[in-house]
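Trainee:
Numbering (my numbering), first residue to last: -14 to 530.
1) Please classify residue -13: does DSSP put it in a helix, a strand, or coil?
2) Give me the residue from 255, 244, 219 and 223 with the minimum Cα distance to residue 236.
3) Does the Cβ-Cβ distance between residue 307 and residue 283 come in under 8 Å?
4) Rounded to whole angstroms, what is the Cα-Cα separation between residue 363 and residue 345?
5) Report buried or exposed for residue 393, applying the criterion of at least 16 other Cβ atoms within 10 angstroms of its Cβ.
6) Taking a contact to mean a Cβ-Cβ separation below 8 Å, would you say residue 374 touches residue 217 in this structure?
7) Less than 8 Å between the CB atoms is what I'm expecting for residue 426 and residue 407, so what's the real figure, rounded?
8) State yes or no: is the C-beta of residue 444 nearer than 7 Å to some heavy atom of the ligand PLP?
9) What is the residue span of the beta strand (DSSP E) that residue 457 lies within?
10) So for residue 492, helix, strand or coil by DSSP?
11) What do you reckon, are the CB atoms on residue 208 and residue 445 nearer than 8 Å?
12) Please look up how many angstroms separate the CB atoms of residue 497 and residue 459, rounded, as I've assumed it's under 8 Å.
13) Using the Cβ count rule (16 or more neighbours within 10 Å means buried), how would you classify residue 139?
14) Are the beta-carbon atoms of residue 443 and residue 376 separated by less than 8 Å?
15) Can you name the start and end residues of the alpha helix (DSSP H) that residue 260 belongs to?
16) With distances taken Cα to Cα, identify the nearest neighbour of residue 246 among 225, 238 and 349.
17) So, for residue 463: in the same chain, excluding its five sequence neighbours on each side, which residues have a beta-carbon less than 6 Å away from its beta-carbon?
18) To the nearest angstrom, how far is the alpha carbon of residue 251 from that of residue 343?
19) Kindly give me the distance between the Cβ atoms of residue 436 and residue 243, rounded to whole angstroms, as I take these residues to be in contact under 8 Å.
20) Let me make sure I understand the geometry here. Which of 130, 121 and 371 has the alpha-carbon closest to that of residue 429?
21) For residue 486, which three-state DSSP category applies?
22) By the 10 Å Cβ neighbour count, where 16 or more other Cβ atoms means buried, how is residue 157 classified, buried or exposed?
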């Protein structure tokens, strides 16, 4: 058997050197991977490397981490900090400097050779543009260095009131712009497109305008009546709602409706098999037959008694028997009515359930073969041609609201539509939890747009003449729509319509105060707003149809 020779001290030292060499090679490979990653990131992102450092990483034993940080616009290039001071070896410092040089070189090449032009938010190098001031804004447009420019930017609505800089170059709101105005290089981002849409002419053909019923109204100054705005929700009118219940226990034999179906009064909804109904019908039939026979016998004896052929005693007994059986017949009929059927209905032990009113089935709890108990609800039917809006008025406002006052409802689900109504009832008892009074407003719902449970806001005319303001610029409520969450109106211009962003104030019944965005005498779209808005969002409409 051949034995391995025992290693001497020299061999052990050689083995340690080989192991250390392998570790060094592994470290160099790791550094090379990091270098390639940093270079690839710098080239792909087209950024200028600001600083590359080597820092210890707690998750890598004995290793260090390479950290790259991009140079913000307007900040001078920093020298790479001496890694020797941070505990790095001279070899690591040399490697870091090599990475910085390579990344900078590739960054310059990537932005000058074979790359796309920067986007509109990008700024050119500091050598090509005016310098930045101490506030981090281009010096010639800095409003803190040049206070006279403040009203200029405010007039252009380019103003950040929070930081006292122009909004377009605010170094706090838009640090990515580096305090410089955006350069137009042909590319447009989402914000640029939104800015372009403002004031954009919207072209619609005469055919589309006529078909959509586009109508305009003139902006004018009016005295707005005082109003109160309160929250609330849509509920069904209890007089136009019904629950279909089983009056007696049984088993469902047939179901003839589905949830969401519209039914008419008297329509068959379900059939329940009820053994007790068979017994009740049998008892009614038997008692009714006996009552008819007894009544016929009493009539015969009365005729004979008139001729002296029958005694009065026999007549009295016959009359009493007939009346007793007739009472039993009526009781049997009442029993059938209590079970939800009549004596004339056929079907033996089957009980028919019919719709008590016309409307929409909003719920169903019925399956064929299902056992049902007495008073179990099988369906709910609601007629929604008219609904209630229950507004919750705070105690400090309730004295300003009176029955008969006009109201305008806007629900969150249909934010661009308004529904007119009148106050029917002002609550007389406060909800102790919310400290509000429930006020009922009746609304027409012929188009079935309003659904039970919709939450919204009611604007109610207030009986407070002293609260009226002077004349103010107003537009009809229907003229205002929303684009990206902002109130907008469409102004009629020569050759089309123009989008205007609005600043709105007080709302009244059918009117909204406008603080800015339109001028007196201009015409705004009040009908067909959705068509004009669609043309704005799509870019073109009408000519291609």
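Just so it is clear, CB atoms sit at the ideal spot from N, CA and C, and this is done for glycine as well. Bear in mind the structure is a predicted one, so any value in this text is a computation, not a measurement.
Mentor: Looking at the atomic coordinates:
1) Low confidence applies here, because residue -13 scores a pLDDT of 48, under 50, leaving its location unreliable and the question unanswered by this model.
2) Taking only the C-alpha atoms, the option nearest residue 236 is 255.
3) yes
4) 14 Å
5) By the 10 Å Cβ count, residue 393 comes out buried.
6) yes
7) 7 Å
8) No copy of the ligand PLP appears in this structure; indeed no ligand is present at all.
9) 457 to 461
10) Three-state result, residue 492: strand.
11) no
12) Indeed, because the Cβ distance is near 6 Å, the residues count as touching under 8 Å.
13) With fewer than 16 other Cβ atoms within 10 Å, it is exposed.
14) yes
15) 260 to 291
16) 349
17) 511
18) Cα to Cα, residue 251 sits roughly 8 Å from residue 343.
19) Wrong, their Cβ atoms sit about 18 Å apart, outside the cutoff.
20) 371
21) strand
22) With a 10 Å radius around the Cβ and a threshold of 16 neighbouring Cβ atoms, residue 157 comes out exposed.
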